[in-house]
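One structure is given here, and the rest of the page talks about it.
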Amino acid sequence: MVGFRFSIIPMPEPLILISRYAIISDGKIQIYEYKFISEEADKAFGDEQFCDPMKEFEFFRKCCADIENCVESFGIKIHSEPFETNATLLFHPEIVPDSMDKPFYNKPSHTIEFAILCFHPFDSNKMEKFEESFVEKAKKFGMNFEKCFETQFVDIQNDSEIATVFQNLKIRNIHFVFIGLSAHSRNDYVFEKIKSHATSCHGLVTQIFIVEKLDWNVDIPEFFDSLAFKSCLKLGGRPNIIDPNYWNTFPFEPQSTMIVGTSFKQFKLDNIKENIFLHSIVTSLDTDFCQNICIERFSIKPNDEQLFEEMFRNSLQEYQKEHGKYPKNIIIFHGKRYTDLKSAAESIDEQIKMTSFSVDKFTPIRFIKNNDEKVPIGTCVKLLQLDGSQKEFVICTEIGADGGRCKTTKYTVINDDSGMSDIQIKHLCYAMCHFYFDNFYINDVPFTLELAEYFAKSAITRCIGRNELNPIDSIEEIIEKFSRKIRIHGYLEYPVDD
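Structure follows, in structure tokens:
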């Protein structure tokens, strides 16, 4: 790691921000991407993305030297130096099933009849290969799919034809549909119209794929792994769970513990001037931490504390409906900016024990081993704070294609009432990244936070898509019509009546 050793009065915004992109800031909340990056800067960052770890390290050292020279011209002297530290290699939790070659933990037991509809021209031979490969891959995971008729091309401009096709599928008792779209149609939100016809009007379960990707993905096994994962989740299955016995060494019991993820994201609509912030909170309702409920609300305030507290209390009430009692332990994974919800929990039950983390998956921290070997996934480094006020650590979650570079996620412990040891806290965070989401890889962040971010993005896309088709009049309309509470399992959504 490379860092600066100097004392500075705490500030709400960073004094120096290093980014892969040129940015400008208004000094408050907004940071805008600056489009006109210089050729020199563009080349420097481009070269850095493809260099080996030691060259990357030297690149960072050069950046630090340039920063030192820059701030020294303002009378500020700083000295940068590499931090040498020891790391802990965390253990992977026991997973059920314990092999990628075994059937999924929970999957549909019946044969799933499916259809493929394409709203973009396609190559018949490649499409046939795609169909056969997917069916075979699904069998490996214990799911039986059967295609009902030849793949159809549907005119995307004709609303009546779209509605008729979906209605015919419902009549024929087909409930699962692959929808082929062009990459462009995802960008202009046409797919929102199609998805609305399929799900809202006809109750179909859909899985979208990009037709152009068949040109280079049809021979890649991981492409079909991902489709199988998503299909299993959308049909109410579960690819894997963490072995329940794994939690025996922790000071909480899964049957009385609720796992929570929170997220908020900003967006704008062309016809509404104000910034809009989507807040989402996902909470687990079962002992395997797989069945979840998601609450989505909109606000004109970023990280709206009052709104998050209301959503959190609502989530606790849903847990109480499910179990007849409130959880004894709550473990919350927030994004980088967070709202401490401890007081909200205590307002309902003072006996609830809270453990909260702030999670930053975009941290610039990188690990480089002294011997230039690759850093194993699960490598964890404790960050030493000068004032010792917070516990922070970083976990390596991904290795680059070259086998040398790594991606890290930083965790800050906000509070922990459960009494976990430092090593238990680290293993908890790492274990919660092992729920398969759309591939066999370990997630960047814990599962509930991954879900909260996913559904926040989906809610924004749904709102923007609707605005493209039928302009929204006001923020009040967004709050009234797009806020929702849904029961989710993976990607599958069930509306919940308030």
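My numbering numbers the first residue of the sequence shown as 2 and each following residue consecutively.
Built from N, CA and C at the ideal position, the CB exists for glycine as well.
Here the structure is a predicted model, which is why all the values come from computation and not from measurement.
- Going by DSSP, Tyr412 is part of no alpha helix (DSSP H) but of the beta strand (DSSP E) stretching over 407-417.
- Glu306 is positioned such that its CB atom lies no closer than 8 Å to that of Ser281.
- Straight across, the Cα-Cα distance linking Glu85 with Leu385 is about 11 Å.
- Nearest neighbour of Cys381 by Cα position, chosen from Arg367, Tyr320, Phe483, turns out to be Arg367.
- Taking a C-beta distance under 8 Å as the contact criterion, Leu279 and Lys269 do not qualify as a contact pair.
- Of the candidates Lys343, Lys326, Phe394, the residue whose Cα lies closest to the Cα of Glu311 is Lys343.
- For Cys464, the uninterrupted alpha helix (DSSP H) segment begins and ends at 448-470.
- A contact is defined here as three or more CB-CB pairs under 8 Å, and the region 234-246 fails this definition with respect to the region 409-417.
- Distance from the Cα of Lys362 is smallest, within the candidate group Thr288, Tyr431, Thr250, Leu228, for Tyr431.
- Judged by DSSP in its simplified three-state form, Arg314 adopts helix.
- Around the CB of Asn444, 16 or more other CB atoms lie within 10 Å, so the residue is classed as buried.
- Beta bridge pairing from DSSP links Phe334 with Gly262, Phe358.
- By the neighbour-count definition (other C-beta atoms within 10 Å, threshold 16), Phe154 is an exposed residue.
- The Cβ atoms of His121 and Gly76 do not sit closer than 8 Å to each other.
- In terms of Cβ geometry, Asn330 and Ser419 form a close pair [threshold 8 Å].
- For Cys295, the uninterrupted beta strand (DSSP E) segment begins and ends at 293-300.
- Under the DSSP assignment, Leu342 falls outside any alpha helix (DSSP H); it carries neither an H nor an E label.
- Ser316 is positioned such that its CB atom lies closer than 8 Å to that of Ile294.
- In the three-state reduction of the DSSP assignment, Asn70 falls in the helix class.
- Counting C-beta atoms within 10 angstroms of its own C-beta, Thr284 has 16 or more neighbours from the protein chains shown and is therefore classed as buried.
- Counting only unbroken stretches of 3 or more residues, the beta strand (DSSP E) elements lying wholly within the region 59-104 are 81-83, in sequence order.
- Boundaries of the beta strand (DSSP E) harbouring Ala116: 113-119, taken from the DSSP string.
- The residue among Pro365, Ser125, Ile378, Phe334 with its C-alpha nearest the C-alpha of Ser359 is Phe334.
- For the 8 Å CB-CB criterion, Cys233 and Phe150 do not form a contact.
- In this structure, DSSP gives Val166 a helical state, which the three-state scheme calls helix.
- Around the beta carbon of His185, fewer than 16 other beta carbons lie within 10 angstroms, which makes this residue exposed.
- Phe135 and Ala229 have their C-alpha atoms some 8 Å from each other.
- DSSP places Cys233 inside the alpha helix (DSSP H), whose first and last residues are 222-235.
- With distances taken between CA atoms, Pro83 lies nearest to Phe61 out of Phe61, Lys337, Lys302, Ile96.
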